[in-house]
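Novice: To start, I am sharing the structure in question, which I have written as structure tokens.
2 protein chains.
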Amino acid sequence: MEFDPRNPDMARPGDGGLGQPIAISLDRVDEIATEVQRLVKAGRESTAWELIRYLHPADMGSVVASLPRGSREAMVRVMSPETVAWMLRQMNPVEAGRVGTRLGVKVLSLVFGQLHPAQALATLRRLPFLRPHKVAESLDRPLEDEGALAHGPDTAGSLMVAELPIVDAGALVQSARQNLGELAETRDKITHVYVLIGGELAGQVSMVDLALADDATPVRDVASPIVATVTTDTPAEECARLRRHYNVTQLPVVDGPRLTGVILADSLLGVTVEQDTRQMQQVANVAGETVDGPLAGSVRSRLPWLTVNLGTTFLAAAVVALFESTLTQVVVLAAFLPVVAGQGGIGGTQTLTLIVRAIALGELAGVEARRLLLREALLGLLHGVWLGVLVAAIAFAWKQNPGLSLVLGVAMLGNMVIAGSVGAAVPLLLRRMGLDPAVASAVVVTTATDVFGFLLFLGLATASIGLLT
Amino acid sequence: MEFDPRNPDMARPGDGGLGQPIAISLDRVDEIATEVQRLVKAGRESTAWELIRYLHPADMGSVVASLPRGSREAMVRVMSPETVAWMLRQMNPVEAGRVGTRLGVKVLSLVFGQLHPAQALATLRRLPFLRPHKVAESLDRPLEDEGALAHGPDTAGSLMVAELPIVDAGALVQSARQNLGELAETRDKITHVYVLIGGELAGQVSMVDLALADDATPVRDVASPIVATVTTDTPAEECARLRRHYNVTQLPVVDGPRLTGVILADSLLGVTVEQDTRQMQQVANVAGETVDGPLAGSVRSRLPWLTVNLGTTFLAAAVVALFESTLTQVVVLAAFLPVVAGQGGIGGTQTLTLIVRAIALGELAGVEARRLLLREALLGLLHGVWLGVLVAAIAFAWKQNPGLSLVLGVAMLGNMVIAGSVGAAVPLLLRRMGLDPAVASAVVVTTATDVFGFLLFLGLATASIGLLT
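Taken in order, these protein sequences are the chains called A and B.
Its first residue numbered 106, the first sequence is counted upward by one per residue in the numbering used here.
Its first residue numbered 106, the second sequence is counted upward by one per residue in the numbering used here.
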């Protein structure tokens with residue numbers, strides 16, 4: 106490993122890599138970011154660079170990404186393309202993806218266009234969450250072997266690197282060490298060396314076992330079986346599941362019996378984090394946005410769902426309109442519409458969130474759908490009894506109308522049971538249909554609780570109108 | 106490492122640990138789970154055990170956890186306490202926590218009560234997500250050094266193991282290897298050995314550097330600086346942030362300059378996953394639940410929020426009641442209440458989800474709160490213009506009342522701006538107050554969009570009542 110004065114992960118000559126921890130507090134990063142913003146605004150990028158050049162690359166990245174959009178290019182020009190590429194490579198790939206996305210394609214093509222093509226390609230392959238294919242396309246001259254970046258964005262192919270840590274089963278541990286030492290881009294990230302027999306993947310040696318073995322030991326004696334393999338088109342989601350379930354750190358990508366790539370630990374982890382983010386966002390239909398991305402992107406992601414939702418709220422409106430004559434007779438019923446709908450919506454969303462997350466974590470293996478449905482309906486009943494009594498009591502205290510209180514209480518009870526059942530049924534059904542339960546569930550569930558809640562409440566009120574007036 | 110015939114992670118004698126990957130498909134796990142459930146129901150636990158004893162511990166765990174509550178004890182009795190402890194130890198700690206939680210304290214105390222106390226303690230320390238303290242308390246005889254399990258459940262202390270991979274800076278690499286080889290519980294999980302000078306933590310050596318170094322090299326020459334340290338009372342959340350931001354695999358826990366524990370890679374990761382789960386669940390107020398936990402736990406977690414929410418929906422009801430005379434004159438206004446409230450609620454939740462997640466990922470460093478607020482308010486305006494025009498058009502087509510359409514369109518526009526502003530302001534404010542923005546934001550935001558939406562809509566309608574009738 107060459108010494109790089111800007112790289113605090115590397116041992117510095119003279120001090121043997123020993124000394125104080127490198128991390129700084131979030132507040133300190135905030136302070137430095139503010140100062141750097143001020144300096145860059147005043148056109149003093151070089152002074153700003155002096156402030157951050159000895160920071161950990163992750164902190165350096167946070168500061169650069171915090172600059173206003175117009176100032177980022179000036180800062181990057183002062184830093185040199187090599188330093189920016191190095192910074193991104195050293196970061197957690199998910200954070201590197203975010204920082205790169207904030208820098209924007211224009212600044213990124215400035216950086217990657219000036220790197221040696223091989224280095225540019227290798228760096229882009231270490232940045233799976235940056236849409237490396239888009240960056241490569243934006244360059245003036247094409248990268249060799251750009252096809253390597255062309256895998257679907259959510260597949261194992263887009264996550265893997267092509268530098269392979271391999272050794273033959275018949276070789277000695279000494280060869281395994283030598284092969285490991287010759288890796289250029291990925292050496293520091295490797296957790297397992299793969300063992301081949303006749304060129305085919307047959308096992309692995311962990312770094313710990315390699316560190317402990319004698320040079321003269323046959324590789325075969327320290328090898329252990331491969332736990333799981335994927336192919337280039339395996340969905341990223343499945344890679345994340347394999348990592349989590351089998352507790353593996355690194356995944357081999359194979360084509361038949363041959364090893365074609367490796368998903369390194371930090372990219373594999375990144376998939377988990379990215380999927381958690383996407384899933385949270387999908388429940389609210391804001392998937393793929395960042396807090397300071399372009400407005401047009403946010404409009405594109407949110408407006409379609411808002412429009413769909415408008416359609417569904419009109420369903421609820423139509424139900425209310427059905428009961429116009431009842432409302433004319435007992436206009437105070439209108440005041441309780443948000444109470445019935447609001448509670449149902451919250452109850453349904455609680456169930457829904459729990460089940461969507463359980464599906465994502467693979468917790469439903471061997472658990473019967475019917476049992477889940479019954480459980481949530483029963484919970485809805487329990488909550489409904491309490492909320493029904495409470496809402497009836499409050500309504501009575503407020504309006505002194507026993508008929509109204511009764512109708513409201515019963516409608517609340519019924520809607521909570523509906524909320525629990527629908528909140529469980531919708532994601533389970535979407536999953537059975539092969540759809541992502543996170544995407545559409547929330548809209549369907551809140552529509553159902555609105556529509557059925559109003560039907561129950563206003564229907565009961567109409568049936569017992571004599572009690573209310 | 107002793108050979109264990111039940112442990113597929115270990116090399117089997119004779120085949121040198123080579124062969125087919127061990128992973129099986131989710132469908133296959135489901136099939137085996139169903140068959141095992143059938144066998145255990147018929148009292149044939151031993152036959153069931155034969156079906157799963159050669160599975161990967163993670164799959165074994167899934168199958169055992171899928172058994173109905175009453176059958177788990179019988180299965181665990183057949184498996185022997187040592188095997189169950191081994192299974193839990195081999196799993197991803199988060200999944201081990203879930204499987205353990207499903208087994209329940211009674212079954213767990215059966216398992217851990219029969220283990221050698223030292224082994225029980227070491228195993229419990231590897232299972233931070235299982236509330237090891239509770240399990241230890243349930244045992245008939247106390248474990249020695251039970252205090253080691255007494256750290257707060259969300260602190261570094263509860264995540265760390267006490268077995269320390271250390272070497273003196275002045276020693277040779279040979280000693281580092283020897284120390285590593287002597288670790289009993291954690292050897293296979295270690296990614297860095299810590300370097301001490303005069304007993305104080307001064308650096309680290311990665312497994313890769315250790316694997317590559319000559320026996321005769323001084324440790325000092327292959328050491329690199331520590332990136333970050335934590336203390337036993339550092340919140341788990343901060344540990345997760347350090348891992349993510351600095352891309353570290355393992356965290357040293359220190360007391361002053363002395364190393365007191367190590368958070369291993371899989372526990373450190375587990376914190377990230379657990380926090381993502383909790384955060385998703387907190388937005389919907391179902392934190393800490395599992396899909397088939399006891400009903401009482403779910404009621405305890407959800408009912409308080411449902412009750413709080415009932416209070417807030419009455420706020421909305423009170424606003425509607427203010428306008429009873431307007432509603433009496435134009436009763437069809439009631440039908441549009443869910444439209445105004447529903448759209449505002451969805452819009453506010455979109456903004457909220459985006460910001461809560463960005464806070465959790467530490468993406469807001471150096472980003473001004475004012476800029477975020479403005480951005481979301483502006484987005485609300487853009488969405489509001491489109492939705493306002495659309496809702497006015499649909500309402501006109503339905504009711505042919507131009508005044509009603511105008512009032513509805515304007516109220517929609519206004520409520521979307523409010524939704525964006527409140528959706529951004531509430532989590533930012535909660536964060537500034539040192540509270541968790543995931544917990545209460547959703548209730549506050551939907552209350553605000555209901556209340557302000559109704560005020561705007563019914564207020565405008567009252568002001569322009571002449572246009573409507």
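All C-beta atoms, glycine included, are put in the ideal place defined by N, C-alpha and C.
Considering only DSSP beta bridges, list what tyrosine 299 of chain A is partnered with.
Specialist: DSSP output for tyrosine 299 of chain A lists A:Ile271 and A:Gln309 as bridge partner(s).
Novice: By the 9 Å beta-carbon criterion, what residues does the region 440-454 of chain A contribute toward chain B?
Specialist: Flagged, chain order: Ala440, Phe441, Leu442, Pro443, Val444, Val445, Ala446, Gly447, Gln448, Gly450, Ile451, Gly452 and Thr454.
Novice: Suppose the cutoff is 7 Å on Cβ atoms and the five residues either side in sequence are ignored; what does the same chain contact list for histidine 256 of chain A look like?
Specialist: Within the same chain, histidine 256 of chain A has close Cβ partners Gly262, Ser263 and Thr337.
Novice: With proline 162 of chain A as the anchor, note down where its alpha helix (DSSP H) starts and where it stops.
Specialist: It spans 162-170 - the alpha helix (DSSP H) in which proline 162 of chain A sits, taken as one unbroken run.
Novice: What are the residues in the region 410-427 of chain A lying within 8 Å of chain B by C-beta distance?
Specialist: Answer set for the region 410-427 of chain A: Trp410, Leu411, Thr412, Asn414, Leu415, Thr417, Thr418, Phe419, Ala421, Ala422, Ala423, Val425 and Ala426.
Novice: Rounded to the nearest angstrom, what separates valine 278 of chain A and serine 185 of chain B at their Cα positions?
Specialist: Those two C-alpha atoms are separated by around 37 Å.
Novice: Might you give, ordered along the chain, the residues of its own chain that have their beta carbon closer than 6 Å to the beta carbon of valine 621 of chain B, omitting 5 neighbours on each side?
Specialist: Within the shown structure, residues of chain B are numbered from 106 to 574, placing residue 621 of chain B beyond reach of any answer.
Novice: Could you tell me how far apart the beta carbons of leucine 288 of chain B and glutamate 268 of chain B are, in whole angstroms, since I believe they sit closer than 8 Å?
Specialist: The pair is a contact, with the Cβ atoms about 6 Å apart (cut-off 8 Å).
Novice: Please state whether DSSP places threonine 382 of chain B in a helix, a strand or coil.
Specialist: Three-state result, threonine 382 of chain B: helix.
Novice: Where does threonine 574 of chain A land, buried or exposed, given buried means 16+ other C-beta within 10 angstroms?
Specialist: Exposed, because fewer than 16 other Cβ atoms sit within 10 Å of the Cβ of threonine 574 of chain A.
Novice: If you compare alpha carbons, which of B:Thr322, B:Gln355, B:Ala318 and B:Leu486 is closest to isoleucine 331 of chain B?
Specialist: The option with the nearest alpha carbon to isoleucine 331 of chain B is B:Gln355.
Novice: In the DSSP assignment, what residue or residues form a beta bridge with leucine 277 of chain A?
Specialist: According to DSSP, leucine 277 of chain A bridges with A:Pro323.
Novice: Closer than 7 Å between beta carbons: that is the criterion. Which residues of the region 495-527 of chain A meet it against chain B?
Specialist: Hits within the stretch, in order: Leu495, Val496 and Ile499.
Novice: When you compare the CB of tyrosine 351 of chain B with every CB in chain A, is at least one pair closer than 9 Å?
Specialist: True, the Cβ-Cβ gap to chain A drops below 9 Å.
Novice: Would you say alanine 465 of chain A and glutamine 386 of chain A are within 9 Å of each other, going by their C-beta atoms?
Specialist: No. Outside cutoff.
Novice: Just verifying my parser: in three-state terms, what is the DSSP assignment at serine 329 of chain A?
Specialist: Looking at serine 329 of chain A - three-state DSSP - the assignment turns out to be strand.
Novice: Does the beta carbon of serine 167 of chain B come closer than 9 Å to any beta carbon on chain A?
Specialist: It does: the Cβ of serine 167 of chain B has a partner Cβ on chain A nearer than 9 Å.
Novice: Any beta-carbon of chain B closer than 9 Å to the one on glutamate 178 of chain A?
Specialist: It does not: the Cβ of glutamate 178 of chain A has no partner Cβ on chain B nearer than 9 Å.
Novice: Count Cβ pairs between the region 309-326 of chain A and the region 167-174 of chain B that sit closer than 8 Å; are there 3 or more?
Specialist: No, because fewer than three Cβ pairs between the region 309-326 of chain A and the region 167-174 of chain B fall closer than 8 Å, the two stretches do not touch.
Novice: Only counting the same chain, and skipping five residues up and downstream in sequence, which positions put a Cβ closer than 7 Å to that of valine 376 of chain A?
Specialist: Correct list, in chain order: Leu264, Ala341, Cys344 and Ala345.
Novice: Between alanine 223 of chain B and alanine 530 of chain B, what straight-line distance do the alpha-carbon atoms span, to the nearest angstrom?
Specialist: Computed Cα separation, rounded: 51 Å.
Novice: Which word fits glycine 571 of chain A, buried or exposed, when buried means at least 16 other C-beta atoms lie within 10 angstroms of its C-beta?
Specialist: It is exposed - the Cβ of glycine 571 of chain A has fewer than 16 other Cβ atoms within 10 Å.
Novice: Note down the Cα distance separating glutamate 468 of chain B from alanine 201 of chain A, rounded to an integer number of angstroms.
Specialist: Taking the straight line from one Cα to the other gives about 12 Å.
Novice: Taking all protein chains shown into account, decide if glutamine 505 of chain A is buried (16 or more other Cβ within 10 angstroms of its Cβ) or exposed.
Specialist: It is exposed - the Cβ of glutamine 505 of chain A has fewer than 16 other Cβ atoms within 10 Å.
Novice: Could you check the C-alpha separation between methionine 115 of chain B and alanine 543 of chain B for me, to the nearest Å?
Specialist: Residue placement at methionine 115 of chain B cannot be trusted, given a pLDDT of 41 that sits under 50; the coordinates are not used to answer.
Novice: Taking 9 Å as the CB-CB limit, is aspartate 371 of chain B close to chain A?
Specialist: Yes, aspartate 371 of chain B lies at the interface with chain A (some Cβ there is under 9 Å from its Cβ).
Novice: Taking only beta-carbon atoms, is phenylalanine 559 of chain A less than 9 Å away from chain B?
Specialist: Taking Cβ atoms only, chain B reaches closer than 9 Å to phenylalanine 559 of chain A, which makes this a yes.
Novice: Quick one: complete alpha helix (DSSP H) runs, 4+ long, within the region 127-214 of chain A?
Specialist: Listed in chain order, they are 131-146, 150-157, 162-170, 177-184 and 186-195.
Novice: So is proline 110 of chain B in contact with chain A if we call contact Cβ pairs under 9 Å?
Specialist: Bear in mind that a pLDDT of 39 at proline 110 of chain B, under 50, signals an unreliable position, so the number given afterwards is only what the model happens to contain. With 9 Å as the cut-off, proline 110 of chain B does not count as an interface residue toward chain A.
Novice: Name the one or two DSSP bridge partners that glycine 257 of chain A has.
Specialist: According to DSSP, which records beta bridges pairwise, glycine 257 of chain A is partnered with nothing at all.
Novice: May I ask you to verify whether the region 533-553 of chain A touches the region 484-497 of chain A, counting CB pairs closer than 8 Å and requiring at least 3?
Specialist: Cβ pair count under 8 Å is below three, so no.
Novice: Going by the DSSP bridge assignment, what does proline 399 of chain A pair with across the sheet?
Specialist: Proline 399 of chain A is not bridged to any residue.
Novice: Note down the Cα distance separating glutamate 473 of chain A from alanine 482 of chain A, rounded to an integer number of angstroms.
Specialist: Distance between the alpha carbons of glutamate 473 of chain A and alanine 482 of chain A is about 15 Å.
Novice: Contact criterion: CB-CB distance below 9 Å. Does glycine 304 of chain B meet it with respect to chain A?
Specialist: It does not; no Cβ of chain A falls within 9 Å.
Novice: Rounded to whole angstroms, how far is the Cβ of leucine 457 of chain A from the Cβ of alanine 547 of chain A, which I believe are closer than 8 Å?
Specialist: About 7 Å; that satisfies the 8 Å criterion.
Novice: Could you please give me the residues that DSSP links to arginine 363 of chain B through a beta bridge?
Specialist: The partner list for arginine 363 of chain B (beta bridge, DSSP) reads B:Asp360.
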